Amino acid sequence: MHCVDTQEDEVQPRKILVVDDSKLIHKMFEVLLRQFSLIHAHDGIEALQCLGNHADIDLILLDINMPRMSGLEFLNQVKADQAFQEIPVVIISTEGKEEDTIRGLEAGAAAYIKKPFGNQELLEVIQRL
Ligand SMILES: [Mg+2]
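All residue numbers for the sequence shown refer to this note's numbering, where the first residue is -17 and numbers rise by one.
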């Protein structure tokens, strides 16, 4: 006999948009963030399309260095758009690129996590936001 908890069905997992040109990062997040529903984009342009297609994204994890459209350009567009500007953005910060992180925070990012990051650190930042 099949038991379906309808209440549980009604609880949608939080949606996180992962924007990074590194396939490895996407795979890592798939493992670390199993309890969330992940949407994957590999540059800023694709990420903007994803935002347009999914009205209910709760959080954005954002790389800075990407082809076509950088994370900073993407962030500026998100913050300039009333439909998206409230979505918290977490910068995935690369060692040695601290200025990018600072610029991202100045542009409205809510937080950053430093690569390499641990599971715990990542979940703490996400839960906080
Ligand atoms: Mg990158």
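All C-beta atoms, glycine included, are put in the ideal place defined by N, C-alpha and C. Keep in mind that this is a model prediction, so the values were computed, not measured.
Asked	Found
Would you say the beta carbon of M48 is closer than 6 Å to some non-hydrogen atom of ligand 1?	yes
On the DSSP bridge list, what partners appear for H22?	V0
What are the start and end residues of the beta strand (DSSP E) that includes V72?	V71 to S75
When the distance is taken between beta carbons, is L41 closer than 7 Å to I73?	no
Find out if the Cβ-Cβ distance for the pair V0, F11 is shorter than 7 Å.	yes
CB-CB under 7 Å to S52, same chain, minus the five flanking residues each way: which ones, in chain order?	G26 and I46
With D45 as the anchor, note down where its beta strand (DSSP E) starts and where it stops.	L41 to D45
Run the proximity test for D63: is its beta-carbon closer than 6 Å to any non-hydrogen atom belonging to ligand 1?	no
Is D45 near ligand 1, with its Cβ less than 6 Å from a heavy atom?	yes
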